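A.B. asks: Here the numbering used here is used: the first residue of the sequence shown is 77, the next is one more, and so on. I have a structure here, written as structure tokens, and I will follow up with some questions on it.
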Amino acid sequence: MNPLRIAPSILSADFARLGEEVRAIEAAGADWVHFDVMDNHYVPNLTIGPLVCEAIRPHVQIPIDVHLMVEPVDALVPLFAKAGANIITFHPEASRHVDRTLQMIRDHGCQAGLVFNPATPLDWMDHVMDRLDVVLLMAVNPGFGGQKFIPATLPKLLAARQRIQAHVARGGKPIALEVDGGVKTDNIAQIVAAGADTCVAGSAVFGAPDADGGYRGVVQALKRAAFA
Ligand code: DX5
Ligand code: ZN
């Protein structure tokens with residue numbers, strides 16, 4: 077069984093209390109902090125940048141997983157690396173030179189990944205498998221939290237998992253398979269069965285803290301539901 081990581085997206089957190097919010101999700105058993113960067117160009121929304129990453133960095137030990145929804149990509153890579161990002165993922169359509177951007181992320185000491193929109197083919201993976209630490213499949217169109225999970229993501233997860241397994245069978249290093257958008261306790265079992273090992277959850281965690289258990293209640297409920 078793959079270990080399951082839960083990566084709460086701070087897009088749905090209370091931005092006025094962000095330090096407290098990230099400390100609370102770490103204490104609740106979250107594995108990564110998912111950090112959504114939107115530029116009002118690649119996606120129709122505007123969020124947070126390296127200054128905010130730097131500000132939350134001292135509050136948690138767990139990795140910060142920076143999801144860049146920006147175009148162009150390259151200039152932000154050194155800024156986020158310096159701000160304490162551990163993982164940096166980007167959308168291949170948004171970079172002129174995907175291989176170069178992946179290498180740049182690694183050269184800055186971070187793990188690197190590609191993000192696939194619902195209609196983006198997985199073929200982008202094929203020639204850069206050795207440069208990938210993470211593959212992130214969007215289960216919604218990027219830009220907003222709280223959207224509904226697109227079911228076609230499930231067969232796509234299976235296909236991505238097969239490509240990763242074939243890569244490992246050829247002697248390649250394992251690649252994390254992350255899913256982002258609309259993950260809830262009622263669909264996480266299907267998502268994990270289809271091959272995901274890392275689930276982003278924004279509104280599920282921050283939108284509805286468990287009445288008794290707070291964020292810990294939701295994070296643990298997601299982990300339990302994944303293998304139910
Ligand atoms: C969407 C973001 C997601 C989003 C997830 O563009 O990349 O990380 O915040 O939020 P939920 O879990 O609410 O769909
Ligand atoms: Zn995201």
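By construction, the Cβ of each residue, glycine as well, lies at the ideal position given by its N, Cα and C atoms. Just so you know, these numbers come straight off a predicted model, no measurement behind them.
Check whether the Cβ atoms of SER85 and ASP112 sit closer than 7 Å, and answer yes or no.
C.D. replies: Yes, they are a contact pair.
A.B. asks: In the DSSP output, which residue or residues are listed as bridge partners for LYS81?
C.D. replies: For the record, residue 81 in the displayed sequence is Arg; it is not Lys. THR274, per the DSSP bridge assignment.
A.B. asks: Report yes if the CB atom of ILE181 is closer than 7 Å to the CB atom of ALA170, and no otherwise.
C.D. replies: Contact: no.
A.B. asks: Quick one: residues in its chain with C-beta nearer than 8 Å to the C-beta of VAL204, no 5 flanking neighbours on either side, listed in chain order?
C.D. replies: The answer, listed in chain order, is VAL174, ASP175, LEU178 and LEU190.
A.B. asks: Using a Cβ-Cβ cutoff of less than 8 Å, which residues in the same chain neighbour LEU208 once the five nearest sequence positions on both sides are dropped?
C.D. replies: Excluding sequence neighbours, LEU208 sits near LEU178, ALA188, GLY189, LEU190, MET201 and ILE251.
A.B. asks: Note the first and the last residue of the continuous alpha helix (DSSP H) segment covering ALA157.
C.D. replies: ALA157 -> alpha helix (DSSP H) spans 152-158.
A.B. asks: Is the Cβ-Cβ distance between ALA270 and LEU230 less than 7 Å?
C.D. replies: Yes, Cβ-Cβ distance for ALA270 and LEU230 is below 7 Å.
A.B. asks: Can you give me the C-alpha to C-alpha distance between PRO227 and GLU102, rounded to a whole angstrom?
C.D. replies: PRO227 and GLU102: Cα-Cα distance of roughly 29 Å.
A.B. asks: Quick one, what's near ligand 2 if you take every residue whose CB is closer than 5 Å to any heavy atom, in chain order?
C.D. replies: This selection yields ASP112, HIS143 and ASP256.
A.B. asks: How about PRO126 and ALA159: do their beta carbons lie closer than 7 Å?
C.D. replies: In contact: PRO126 and ALA159 (Cβ atoms closer than 7 Å).
A.B. asks: Return no unless some Cβ of chain B is closer than 7 Å to the Cβ of ILE226.
C.D. replies: No chain B is part of this structure, which consists of one protein chain only.
A.B. asks: By DSSP's criteria, THR165 is part of a beta bridge. Which residues make up the other side?
C.D. replies: Partner(s): HIS143 and GLY189.
A.B. asks: Mind reading off the beta-carbon distance from LEU325 to THR261? Whole number of angstroms is fine, and I expect it under 8 Å.
C.D. replies: Residue 325 lies beyond the stretch modelled for the chain, which goes from 77 to 304, so this question has no answer here.
A.B. asks: Would the beta-carbon of SER171 be found less than 6 Å away from any heavy atom of ligand 4?
C.D. replies: Ligand 4 is absent from the structure shown, which contains only ligand 1 and ligand 2.
A.B. asks: State the Cα-Cα distance for the pair GLN266 and ALA157, rounded to the nearest angstrom.
C.D. replies: Approximately 34 Å between the Cα atoms of the pair.
A.B. asks: CB-CB under 7 Å to CYS186, same chain, minus the five flanking residues each way: which ones, in chain order?
C.D. replies: Taken in chain order, the residues that qualify are ALA157, ALA161, ASN162, ILE163 and ILE164.
A.B. asks: With a CB to CB cut of under 8 Å and the five nearest residues on each side skipped, what residues in its chain are close to GLU97?
C.D. replies: Closer than 8 Å at Cβ, skipping near neighbours: ILE86, ALA89, ASP90 and PHE282.
A.B. asks: Can you tell me whether PHE91 is helix, strand or coil according to DSSP?
C.D. replies: Reduced to three states, the DSSP call for PHE91 is helix.
A.B. asks: Taking 6 Å as the cut-off, is the CB of LEU190 close to at least one heavy atom of ligand 1?
C.D. replies: LEU190 Cβ: outside cutoff for every heavy atom of ligand 1.
A.B. asks: Bridge partners for ASP115 per DSSP, in chain order?
C.D. replies: BP columns for ASP115 point to LEU122.
A.B. asks: Quick check on HIS173: does DSSP put it in helix, strand or coil?
C.D. replies: Reduced to three states, the DSSP call for HIS173 is coil.
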